[in-house]
Amino acid sequence: MTKLIIGNWKMNPETIEQARGILLPIEHKMHLVQENLEVCVCPPAVFLAPLNHTSHNVVLGAQNVSWLDGGPLTGEVSGSQLKQWKVKYVILGHSERRIYLGETEEMISKKIVQVLKTRLVPVVCLGGDKAAKKDEMKPLVTRQFHAAIKNLDRKQIEKIVFAYEPTWAISTVKNSEHASGEHARELILHIQELLSHEVGEARAKNMLILYGGTVNKNNVHEYTKYPEIDGALVGAASLDPGDFWEVVHEFYRESIHS
Ligand code: PEP
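With the first letter of the sequence shown counted as 1, position 104 gets the number 105 in this note's numbering; the numbers rise by one all the way through.
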């Protein structure tokens, strides 16, 4: 099955020259891994237009979108606007937006509906919550999952990419903790089970479920050894082209051997 690696650049880097400097080395090496794997980078929205001319084999994603397709919402960007810059994926429900920007489950659900309407692919993060502890992840993920899909039919659910991304494992969180490959696999199987109830087991198995939380060149092997982990959502390491490339290449290597 195809693997998907998404780089979430967050509010980095500072300049478009630096952004090109991160993207180009990956872009130039993509011919080595294209068979079973897709690579996406999600830069800050202002860099999407200029990077659109630089990215040919790496696809572009956005870090946010409005739940409206136009109109009076100061500061927001619509899905149709993103599509003009060849954006394919949109990250939704990221813990930083849930925790620091007040994004509610209701808002996330509306955004998912709008993204699907615009024929973009939502990458829905589950596991982001300020207080949730390691042993409380299943109920949290279950609640966020049901809130995310509540207004969707089976066909729409099938178009979503999910990412298990526990807040406590994100590299920039104070005292962040390591999530083992075994833990990531367990929660990914849990999401797959939730999906099975909605779309059936066979279809659920064909959907992509990623892991995110301090994935980098030093620990990527821990995640690639589980075929149930369909790829990674990578934050800090995606800003270093050497580190990001090793993550990409390791998922590729595992995918051709599985
Ligand atoms: C993220 O915040 O999406 C993320 C996965 O960050 P990091 O890899 O830096 O933990």
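Just so it is clear, CB atoms sit at the ideal spot from N, CA and C, and this is done for glycine as well.
Predicted, not measured: the structure shown is a model, and the values here were computed from it.
Limits of the beta strand (DSSP E) - the one that Val90 falls within
Locating residue 90 in the sequence shown gives position 89, where the first residue counts as 1. The sequence shown places Tyr at residue 90, not Val. Where Tyr90 is concerned, the enclosing beta strand (DSSP E) stretches over Val88 to Leu93.
I think Ile17 touches Phe245, with their Cβ atoms under 8 Å apart; what is that distance to the nearest whole Å?
In the sequence shown, counting from the first residue as 1, residue 17 sits at position 16. In the sequence shown, counting from the first residue as 1, residue 245 sits at position 244. Actually they are not in contact, since the Cβ atoms of Ile17 and Phe245 sit about 18 Å apart, beyond 8 Å.
Check Glu1 in the structure and name its three-state DSSP category.
Look at the range of the chain in this structure, 2 to 259, and you will see that residue 1 is not part of it.
What's the gap between the Cα of Leu61 and the Cα of Leu49?
As a working note, residue 61 is residue 60 in the sequence shown. As a working note, residue 49 is residue 48 in the sequence shown. Each residue's Cα considered, the two are about 7 Å apart.
Are the region 175 to 186 and the region 218 to 231 touching by the rule of at least three beta carbon pairs closer than 8 Å?
Because the criterion of three Cβ pairs below 8 Å is met, the region 175 to 186 and the region 218 to 231 touch.
Does the separation of the CB atoms of Ala164 and Val221 fall below 7 Å?
In the sequence shown, the residue the question calls residue 164 occupies position 163. In the sequence shown, the residue the question calls residue 221 occupies position 220. Contact: no.
Would the beta-carbon of Leu234 be found less than 6 Å away from any heavy atom of ligand 1?
As a first step, residue 234 is located in the sequence shown; it is residue number 233 there, counting from the start. True, at least one ligand heavy atom lies under 6 Å from that Cβ.
Can you give the beta carbon distance from Val1 to Leu52, rounded, assuming they're within the 8 Å contact cut?
With the chain running from 2 to 259 in the structure shown, residue 1 is simply not present.
Is any heavy atom in ligand 1 found nearer than 6 Å to the beta carbon of Gly213?
Numbered from its first residue, the sequence shown carries residue 213 at position 212. Result yes, Cβ under 6 Å from ligand 1.
For Val216, I'd like the list of residues in its chain whose CB is within less than 7 Å of its CB, leaving aside the five on either flank, ordered along the chain.
Residue numbering aside, residue 216 sits at position 215 when the sequence shown is read from its first letter. These residues qualify, in order along the chain: Tyr224, Ala233, Val235, Ala238 and Val248.
Separation of Val42 from Leu25, as counted between CA atoms
As a working note, residue 25 is residue 24 in the sequence shown. As a working note, residue 42 is residue 41 in the sequence shown. Using only the alpha carbons, I get a separation of about 11 Å.
How far does the beta strand (DSSP E) with Leu5 in it extend, from its first residue to its last?
Here residue 5 refers to the residue found at position 4 of the sequence shown. Start and end: Lys4 to Asn9.
If you draw a straight line from the C-alpha of Glu107 to the C-alpha of Leu190, how long is it?
Within the sequence shown, residue 107 is the residue found at index 106, counting from 1. Within the sequence shown, residue 190 is the residue found at index 189, counting from 1. CA-CA distance, Glu107 to Leu190, rounds to 25 Å.
One question on the structure: do Trp86 and Pro44 come within less than 7 Å of each other, judged by their Cβ atoms?
The residue given as residue 86 occupies position 85 in the sequence shown. The residue given as residue 44 occupies position 43 in the sequence shown. No, the Cβ-Cβ distance between Trp86 and Pro44 is not below 7 Å.
What does the alpha-carbon distance come out to for the pair Ser256 and Glu36?
The residue given as residue 256 occupies position 255 in the sequence shown. The residue given as residue 36 occupies position 35 in the sequence shown. In a straight line, the C-alpha of Ser256 is about 9 Å away from that of Glu36.
Cross-strand partners of Val235 (DSSP beta bridge)
Within the sequence shown, residue 235 is the residue found at index 234, counting from 1. Note: Val235 sits in a beta bridge opposite Gly8.
Which complete beta strand (DSSP E) runs does the region 173 to 258 hold, if anything under 3 residues is left out?
Runs found: 210 to 213 and 232 to 235.
Start and end residues, alpha helix (DSSP H) containing Ala20
Here residue 20 refers to the residue found at position 19 of the sequence shown. Ile17 to Lys30 is the span of the alpha helix (DSSP H), which, as asked, contains Ala20.
Between Asn207 and ligand 1, is there a pair consisting of the residue's CB and a ligand heavy atom that are separated by less than 6 Å?
As a position in the sequence shown, residue 207 is number 206, starting the count at 1. No, the beta carbon of Asn207 sits no closer than 6 Å to any heavy atom of ligand 1.
So the beta strand (DSSP E) Val60 belongs to, where does it begin and stop?
What you label residue 60 is simply residue 59 of the sequence shown in a count that begins at 1. Annotation: the continuous beta strand (DSSP E) that includes Val60 extends over Val60 to Ala63.
Bridge partner(s) assigned by DSSP for Phe146
Translated into positions along the sequence shown, residue 146 becomes position 145. In DSSP, Phe146 forms no bridge with anything.
Alpha carbon to alpha carbon, how far is Ile171 from Ile158? Give it in angstroms, no decimals.
Here residue 158 refers to the residue found at position 157 of the sequence shown. Here residue 171 refers to the residue found at position 170 of the sequence shown. Approximately 26 Å, taken between the alpha carbons.
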